[in-house]
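Take any residue in the first sequence, count from 1 to its spot, add 520: that is its number in the working numbering. Backbone N, C-alpha and C define an ideal beta-carbon position, used for all residues, glycine too. Okay, structure first, notes after.
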Amino acid sequence: MPKNDSGASSNFITEMIDADNESGRFGGRVHTRFPPEPNGYLHIGHAKAFCLNFGLAARYGGLCNLRYDDTNPTKEEVEYVTAIQEDVRWLGWDWGDRLFYASDYFDKLCEFAFRLIRAGKAYVCDLSADQIRETRGTLTRPGSESPYRNRSVEENLNLFERMKAGEFPDGSRVLRAKIDMSSPNLNMRDPVMYRILRASHHRTGDKWCIYPTYDFAHGQSDSIEGITHSICSLEFEDHRPLYDWYLHNLGIHHPRQIEFARLNLTYTVMSKRRLRELVEAGHVRGWDDPRMPTLSGMRRRGYTPEAIRAFLDTIGVAKRDSVVDIALLEHCLREDLNKRSPRRMAVLRPLRMVIEDYPEDRVEELDALNNPEDPAAGTRKVPFSRVVYVEKDDFREVPPPKFHRLSPGREVRLRHSYCVRCVGVVKDEKTGEVVEIRCAHDPETKGEGTPDGRKVKGTIHWVSARHAVDAEVRLYDHLFTRPDPGGVEEGSEEDAYGGVDAAGAARVPPAAEAAPRDWKADINPSSLATLTGCKLEPALAGVAPGFRCQFERLGYFCADPDSTADKPVFNRTVTLRDTWAKIEKARRL
RNA sequence: UGGGGCGUAGUCAAGCGGUAAGACACAGGAUUUUGGAUCCUGCAUUCGGAGGUUCGAAUCCUCCCGCCCCAACCA
């Protein structure tokens, strides 16, 4: 992909901006904005949008505002406005002193409404919401005009003034734009501009009982802020003619709107509605659950802002609907983490190993490289003693082909330490399970090499039993079992739509051909595995929440805020690539 | 059956009339005290389909097919 000096990708949007700059359309100015509604936490799809907006501003030496599109007081909360700022900042962006709210413009918007009424381009309509819907027509049939459409300017002025003054009950009247009830674009069939809504707003409190709709607020808000390029997602393409109409009839600054396709990822869901449902139904522990695709969840999981940005740069920006393989996100994560993570040893499923020929009371402090990718990261001391814990997975009584870890009679290297050979096992009398392995070490192999040059194929990690720190470790897997949660069931494409589900009760689907499954049925019941009694090397004692490292041979981990002084809790951010696991999986199939 | 948008590999995505970039995934191999990392190699004779224009078409024209969005006083 073509890149400019700042490393950001070129795309169809930069081409349009380049053209605008060349023609002098906005005097060479580039001013964008990120306009979230504070009704939920930001997810990585939003990150695509704001990195695009802030990135464009940075690329062209322009500015990017943060503006809350808070026109619906029934859904918005301050909790979300705070969280949104934290997330945007986390990814490295700065809106300077340009933090705005659409609600800052309520007075101005109201004035715009009066201006349109005076121009005979807006009217107060007494039809109910149901009646408005019924008279809007359908996709193929034009709508019919409201009986209130031709009220006089004076009457409209009077009525709207009284709507504003609170003389009418909620929902009894609306202000509508007088455009064209037979337009093939439904958005142009006299859309609602203002509704009566007695709800307390998170910023304006009870000052207003009428609120502008998003469509009547968004374009003008961009205009007021002097935005040059209004970047938004594809579904607003149909609304552009409406925004054009408002801006044109109001005669105010007219930004250029450019639409792009939002981000979708396999094995997860990406809509605030669904994410909220996961939170509220308790399928996850909260918006910042490390399994969530929310930025707060990813942060808690151990993602780095750099990895997310690299991912976003890699996927590009286009208008085609797409679903990006989550493996690409994980690749970007590993690539970043590999370079910067100190290595540590941790045993998740401990198996006791006794080195019979190693003195009972001896302890050696061995040198271990902190990061083979980065010599500057230095070394640390790791204590070694007669009894250590190794990973259960690293021992097989009956080794399968190509297994080059430990089994009776075989030799492996204990990472940074000695080579040991398994000379016996101790089994549980009742279950027959191996509960301890007995080994002999070769004193000549300390740290590196073998005296006779023999090859020792496997290297396994370990933790000295008497020095180990006990920990809880949380392993995460995809939140959903299918790449397309709720996707159409194979073979059922011809099924008739069986009814109206609760969530869609008011939204009658068109006579659908395909039958989507319930997306919640695809939730992965094993997306979280909590391991206790894990053994960490002592260097890991007392690390601060947010501390990231690689547990050698296992993956990248991050200390969770649930950690306490005596018991660390670690989240697995992502596993290492695991060729052996792949071989074993292939063998099972 | 209206309007708007989009079709390039399993997934993203360049390409802008001169003969299909790159990344992920996948498959081999080298190397390795992390089965990690790294390094090689392979992976679209063809761009949704069919016609047409042209010396030459993924790029231009025509028709067809498929997918997404729109009938909230949500955003």
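Check	Outcome
Residue of Glu755, Arg925, Phe634 minimising C-alpha distance to Met713	Phe634
Per-residue DSSP class, three states only, for Met683	helix
Distance between Val874 and Thr1110 (C-alpha atoms, nearest Å)	The structure shown does not extend to residue 1110, since the chain is modelled only from 521 to 1109, so the question has no answer here.
Whole-Å CB distance - Asn678 paired with Asp758, under 8 Å assumed	Rounded, the Cβ-Cβ distance is 33 Å, inconsistent with contact.
Own chain partners of Phe574 with C-beta closer than 6 Å, once the 5 adjacent residues on each side are dropped	Cys584, Trp613
Residue range of the beta strand (DSSP E) that includes Arg958	954-962
Proximity below 8 Å, CB of Leu815 to CB of Asp607	yes
Three-way DSSP call (helix, strand, coil) for Asp627 in this model	helix
Identity of the residue in Met812, Arg820, Ala838 nearest Ile846 by Cα	Met812
Burial state of Ala1016, where buried means 16 or more other Cβ atoms lie within 10 Å	Low confidence applies to Ala1016: its pLDDT is 29, below 50, so where it sits in the model is not reliable enough to give any reading.
Per-residue burial, Val918 [other beta carbons within 10 Å of its own, 16 or more giving buried]	exposed
Residue(s) in a DSSP beta bridge with Asp540	According to DSSP, Asp540 bridges with nothing at all.
Buried versus exposed, by CB contacts within 10 Å (16 or more), Pro1045	exposed
Counted within 10 angstroms of its Cβ, other Cβ atoms place Ser720 as buried (16 or more) or exposed	exposed
Under the three-state DSSP convention, the category Glu876 falls into	coil
C-beta atoms of Pro1005 and Asp962 nearer than 8 Å	no
Supposed contact pair Leu785 and Leu886 - C-beta distance, whole angstroms, cut 8 Å	Leu886 to Leu785, Cβ: 42 Å. No contact.
Collapsed DSSP secondary structure at His738 in the structure displayed	helix
Three-way DSSP call (helix, strand, coil) for Tyr731 in this model	strand
Proximity of Gly822 and Tyr561 at Cβ, strictly below 8 Å	no
Cut-off 7 Å between Cβ atoms - residues of its own chain near Tyr734, not counting five sequence neighbours on either side	Asp589, Thr591
Stretch pair the segment 774-782 + the segment 529-538: three plus CB contacts closer than 8 Å	yes
Contact under 8 Å by Cβ, Gly1066 with Ala1049	no
Stretch-stretch touch, CB-based, cutoff 8 Å, three pairs: the segment 966-986 with the segment 891-905	yes
Residue(s) in a DSSP beta bridge with Tyr714	Leu695, Pro732
Beta carbon of Leu926 nearer than 8 Å to that of Cys939	no
Residue environment, His563, which counts as buried when at least 16 other CB atoms sit within 10 Å	buried
Candidates Glu1057, Asp646, Asp877, Ile716, of which the one nearest Lys684 by Cα	Ile716
Enclosing alpha helix (DSSP H) for Leu770 [first to last residue]	760-770
Alpha-carbon spacing of Thr1001 relative to Gly1053, whole angstroms	28 Å
Cut-off 6 Å between Cβ atoms - residues of its own chain near Gly929, not counting five sequence neighbours on either side	none
Environment of Ser1012 [buried if 16+ CB atoms lie within 10 Å]	Residue placement at Ser1012 is poorly supported in this model, since its pLDDT is 38, which falls under 50; the coordinates are not used for a value here.
Residue nearest to Thr552 in terms of C-alpha spacing, selected from Ala781, Phe756, Asp742	Asp742
Sequence-distant residues of the same chain with beta carbon closer than 8 Å to Tyr600, five excluded per side	Pro558, Asn559, Gly560, Tyr561
Nearest-angstrom Cα separation, counted from Arg782 out to Leu754	7 Å
Segment contact, 8 Å Cβ cut-off, at least three pairs: the segment 567-582 with the segment 832-840	yes
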